[in-house]
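A short worksheet on the structure shown next.
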Amino acid sequence: MDTPKSPSLAIRQLKRPDLVAQEIKRLITEKNLSPGDRLPRESELQAQFQVSKGTIREALKSLEVQGLITISTGPSGGGTVVEVPLDRTLQFMQNYLFFQEVTIDDIYTVRQMLEPELAAGAVPHLTEADFDALEHSIACCDPTQSSEDLVSQRREDVNFHDILAAANPNPFLRFTCELINEMIRQLIVFANRTPQSEHRRFGEANARIHRDIVQAARERDAVKVHALMQQHMRDAASSVKRMKGRIQGRLILDADSLRSPRPQRAVQPVEKPAMAVPRTAPKKAAESAPRTAAKTAPKTTARPAAETTAKAVAKTNAKPTAKAAPKAPPKAPATPPSVRPAAARKRAAS
Numbered sequence: 028m029d030t031p032k033s034p035s036l037a038i039r040q041l042k043r044p045d046l047v048a049q050e051i052k053r054l055i056t057e058k059n060l061s062p063g064d065r066l067p068r069e070s071e072l073q074a075q076f077q078v079s080k081g082t083i084r085e086a087l088k089s090l091e092v093q094g095l096i097t098i099s100t101g102p103s104g105g106g107t108v109v110e111v112p113l114d115r116t117l118q119f120m121q122n123y124l125f126f127q128e129v130t131i132d133d134i135y136t137v138r139q140m141l142e143p144e145l146a147a148g149a150v151p152h153l154t155e156a157d158f159d160a161l162e163h164s165i166a167c168c169d170p171t172q173s174s175e176d177l178v179s180q181r182r183e184d185v186n187f188h189d190i191l192a193a194a195n196p197n198p199f200l201r202f203t204c205e206l207i208n209e210m211i212r213q214l215i216v217f218a219n220r221t222p223q224s225e226h227r228r229f230g231e232a233n234a235r236i237h238r239d240i241v242q243a244a245r246e247r248d249a250v251k252v253h254a255l256m257q258q259h260m261r262d263a264a265s266s267v268k269r270m271k272g273r274i275q276g277r278l279i280l281d282a283d284s285l286r287s288p289r290p291q292r293a294v295q296p297v298e299k300p301a302m303a304v305p306r307t308a309p310k311k312a313a314e315s316a317p318r319t320a321a322k323t324a325p326k327t328t329a330r331p332a333a334e335t336t337a338k339a340v341a342k343t344n345a346k347p348t349a350k351a352a353p354k355a356p357p358k359a360p361a362t363p364p365s366v367r368p369a370a371a372r373k374r375a376a377s
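Here my numbering = 1-based position in the sequence shown + 27.
So this is what it looks like as structure tokens:
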């Protein structure tokens with residue numbers, strides 16, 4: 028007699044697409060695939076895991092939602108490994124915290140521990156572009172009379188800390204501080220009755236301490252930056268409480284991250300010299316050249332490059348690959364008299 032499955036066992040059992048998604052994750056790990064690497068084609072995955080095309084597509088879609096791959100369509104489509112987007116990770120974390128009782132005190136208790144370490148650790152790695160971004164952030168927080176500008180200034184206060192976070196080499200510390208900054212940006216709201224003068228006072232205090240932090244960082248004084256950031260976090264916690272700040276209880280939407288993108292650290296692009304395609308390229312190189320040119324060259328030059336290469340290949344390969352004209356079949360030899368029919372021999376004799 029079969030024993031019925033308990034509800035807990037039924038809940039723990041994964042659906043087939045989820046199992047396949049886990050196996051694809053294992054495949055990515057075992058093959059040490061990096062962002063930009065392609066997964067095997069759908070047909071190959073289908074044969075490897077012995078499942079239907081629909082199951083493979085559900086598994087790939089699940090991995091795309093998790094931010095692990097992107098899916099392209101068409102004959103050469105499929106899954107491509109990507110770096111997990113920070114926005115997606117932050118959204119998952121913030122939606123998790125929606126069901127927790129997180130308070131302003133909780134957030135600023137953690138900030139007071141992490142932000143000084145983050146800022147001090149960033150000091151040796153700050154570039155002139157980073158200092159320009161920090162100065163621009165401070166300039167955006169000058170006193171203003173507009174209530175809308177006051178709201179944007181509060182966001183710019185947080186951007187200042189994101190710039191410092193981007194320069195810190197510790198990825199886990201950087202992620203944790205960026206998560207807290209995003210929560211402040213998206214979830215902290217202030218009471219409607221808070222006077223604009225209080226917002227202005229908060230902004231002016233932030234601008235002053237930010238200038239002091241930048242000056243100490245320019246002097247490469249990490250100890251002073253650490254002390255200034257500790258003071259800044261204590262003052263900010265008091266100001267937010269005084270302004271009746273609170274955590275807004277809601278789930279984070281995809282559109283939220285689009286409305287308030289975080290600043291990205293400036294990276295100087297490295298220009299690579301363009302490689303000329305030889306006129307008489309070997310067959311293998313010529314076959315791969317149009318694909319490379321189409322990917323790297325602008326749209327206005329991709330077609331001429333491909334056509335030029337194709338003509339060069341055709342010209343180079345014309346002689347060795349041309350087919351010779353078929354020769355006329357040789358005439359059949361005359362049939363010897365001994366094998367001719369008897370009637371024919373008689374006619375020949377006469």
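The C-beta atom is built at its ideal place from N, Cα and C for all residues, glycine as well.
Q.
Can you look up residue 108 in the DSSP assignment and give me helix, strand or coil?
A. In the sequence shown, residue 108 corresponds to position 81, counting from 1. Looking at residue 108 - three-state DSSP - the assignment turns out to be strand.
How far does the alpha helix (DSSP H) with residue 136 in it extend, from its first residue to its last? Locating residue 136 in the sequence shown gives position 109, where the first residue counts as 1. Counting along the chain, the alpha helix (DSSP H) containing residue 136 begins and ends at 131 to 149.
*Taking residue 99 as part of the beta strand (DSSP E), name the residues at either end of that continuous run.*
Within the sequence shown, the letter at position 72 stands for residue 99. For residue 99, the enclosing beta strand (DSSP E) begins and ends at 96 to 99.
Check your understanding: Just how far apart, CA to CA, sit residue 100 and residue 156?
Key -> Translated into the one-based positions of the sequence shown, residue 100 becomes position 73. Translated into the one-based positions of the sequence shown, residue 156 becomes position 129. For residue 100 and residue 156, the distance between alpha carbons rounds to 39 Å.
Top-ranked residue by Cα proximity to residue 205, from 261, 107 and 146:
What you label residue 205 is simply residue 178 of the sequence shown in a count that begins at 1. Cα-wise, what sits closest to residue 205 is 146.
| query | Which same chain residues, not among the five before or five after residue 148, have their C-beta less than 8 Å away from its C-beta? | reply | Your numbering for residue 148 matches position 121 in the sequence shown. If we look at residue 148 and ignore the five residues flanking it on each side, its Cβ neighbours are 195, 196, 197, 200 and 249.
| said: Taking 7 Å as the limit between beta carbons, can you name the residues of its chain near residue 217, skipping five residues before and five after? | reply: Here residue 217 refers to the residue found at position 190 of the sequence shown. Cβ-Cβ distances below 7 Å link residue 217 to 270, 271 and 272 in the same chain, with the five nearest sequence neighbours on each side left out; the list follows chain order.
- [ ] Would you mind working out which of 129, 143, 181 and 83 sits nearest residue 166, comparing C-alpha positions?
- [x] In the sequence shown, the residue the question calls residue 166 occupies position 139. For residue 166, the nearest C-alpha among the options comes from 181.
Q: Spell out a yes or no on whether the region 91 to 98 and the region 106 to 125 are touching, meaning 3 or more CB-CB pairs, one atom from each, closer than 8 Å.
A: Yes, since at least three Cβ pairs between the region 91 to 98 and the region 106 to 125 fall closer than 8 Å, the two stretches touch.
Item checked: Proximity of residue 243 and residue 262 at Cβ, strictly below 8 Å -> For this step, residue 243 is matched to residue 216 along the sequence shown. For this step, residue 262 is matched to residue 235 along the sequence shown. Contact: no.
* Using a threshold of 8 Å, state whether the C-beta atoms of residue 383 and residue 208 are closer than that. => The first residue shown for the chain is 28 and the last is 377, placing residue 383 beyond what the model contains.
- Can you give the Cα-Cα distance for residue 235 and residue 274, rounded to whole angstroms? Against the sequence shown, residue 235 aligns to sequence position 208. Against the sequence shown, residue 274 aligns to sequence position 247. C-alpha separation (whole angstroms): 26 Å.
Review point. Just the Cα atoms here: how many angstroms apart are residue 224 and residue 124?
Key: Here residue 224 refers to the residue found at position 197 when the sequence shown is read from its first residue. Here residue 124 refers to the residue found at position 97 when the sequence shown is read from its first residue. Using only the alpha carbons, I get a separation of about 32 Å.
**Report entry** CA nearest to the CA of residue 61, picked from 122, 153, 138 and 110
**Finding:** Translated into the one-based positions of the sequence shown, residue 61 becomes position 34. Answer by Cα proximity: 110.
* Can you tell me which of 118, 49, 189 and 135 puts its alpha carbon nearest to the alpha carbon of residue 161? => Sequence index remark: in the sequence shown, residue 161 carries index 134 (1-based). Comparing Cα-Cα distances from residue 161 to each of 118, 49, 189 and 135, the minimum goes to 189.
request  = Can you tell me the Cβ-Cβ gap for residue 229 and residue 266, rounded? I've got them flagged as a contact below 8 Å.
outcome  = Here residue 229 is taken as the residue at index 202 of the sequence shown, counted from 1. Here residue 266 is taken as the residue at index 239 of the sequence shown, counted from 1. Residue 229 to residue 266, Cβ: 5 Å. Contact.
**OP:** Label residue 74 either buried or exposed according to how many other C-beta atoms from any shown protein chain fall within 10 Å of its C-beta, with 16 as the threshold for buried.
**Re:** The residue you call residue 74 lines up with position 47 of the sequence shown. Answer is exposed; the Cβ neighbour count stays below 16.
**Prompt:** How long is the line joining the alpha carbons of residue 237 and residue 183, rounded to whole angstroms?
**Reply:** As a position in the sequence shown, residue 237 is number 210, starting the count at 1. As a position in the sequence shown, residue 183 is number 156, starting the count at 1. Cα to Cα, the separation comes out at about 11 Å.
On the three-state DSSP scale, how would you describe residue 78?
To locate residue 78, count along the sequence shown from 1; it is residue 51. Three-state result, residue 78: coil.
- Task: May I have the straight-line CA-CA distance separating residue 135 from residue 85, to the nearest angstrom?
- Result: Position 108 of the sequence shown holds residue 135. Position 58 of the sequence shown holds residue 85. About 41 Å.
Residue 220 by DSSP, collapsed to three states: which one? Taking the first residue of the sequence shown as 1, we reach residue 220 at position 193. In the structure shown, residue 220 adopts coil according to DSSP, grouped into three states.
For the alpha helix (DSSP H) holding residue 168, just list the boundary residues, first then last. As a working note, residue 168 is residue 141 in the sequence shown. Counting along the chain, residue 168 falls outside any alpha helix (DSSP H), and DSSP gives it neither H nor E.
Check your understanding: Under the rule that 16 or more other beta-carbon atoms within 10 Å means buried, what is residue 142, buried or exposed?
Key -> Within the sequence shown, residue 142 is the residue found at index 115, counting from 1. Residue 142 comes out buried.
**Range covered by the alpha helix (DSSP H) that runs through residue 93** = The count along the sequence shown starts at 1 and reaches residue 93 at position 66. Per DSSP, residue 93 belongs to no alpha helix (DSSP H) and is neither H nor E.
Does the separation of the CB atoms of residue 92 and residue 43 fall below 8 Å? Sequence index remark: in the sequence shown, residue 92 carries index 65 (1-based). Sequence index remark: in the sequence shown, residue 43 carries index 16 (1-based). In this structure, residue 43 does not lie closer than 8 Å to residue 92 by Cβ.
### Query
How many Å lie between residue 211 and residue 66 at the Cα?
Here residue 211 corresponds to residue number 184 of the sequence shown, with the count starting at 1. Here residue 66 corresponds to residue number 39 of the sequence shown, with the count starting at 1. Going by the C-alpha atoms only, they are around 38 Å apart.
If you draw a straight line from the C-alpha of residue 215 to the C-alpha of residue 130, how long is it? Your numbering for residue 215 matches position 188 in the sequence shown. Your numbering for residue 130 matches position 103 in the sequence shown. If you take the alpha carbons of residue 215 and residue 130, they lie about 10 Å apart.
Give me the Cα-Cα distance between residue 48 and residue 138, rounded to the nearest whole angstrom. As a first step, residue 48 is located in the sequence shown; it is residue number 21 there, counting from the start. As a first step, residue 138 is located in the sequence shown; it is residue number 111 there, counting from the start. Their Cα atoms are separated by approximately 37 Å.
### Query
Under 8 Å, do residue 158 and residue 245 count as touching if we go by C-beta distance?
Start at 1 with the first residue of the sequence shown, and residue 158 comes out as number 131. Start at 1 with the first residue of the sequence shown, and residue 245 comes out as number 218. Yes, the Cβ-Cβ distance between residue 158 and residue 245 is below 8 Å.
- prompt: So what does DSSP say about residue 68, is it helix, strand or coil?
  reply: Here residue 68 is taken as the residue at index 41 of the sequence shown, counted from 1. Residue 68 falls in the coil class under three-state DSSP.
Identity of the residue in 70, 56 and 87 nearest residue 46 by Cα: Counting from 1 along the sequence shown, the entry for residue 46 is found at position 19. Answer by Cα proximity: 87.
Review point. In chain order, what residues of the same chain lie with their CB nearer than 6 Å to the CB of residue 115, ignoring the 5 residues before and after it?
Key: By 1-based counting over the sequence shown, the position of residue 115 is 88. So the qualifying residues of the chain are 94.
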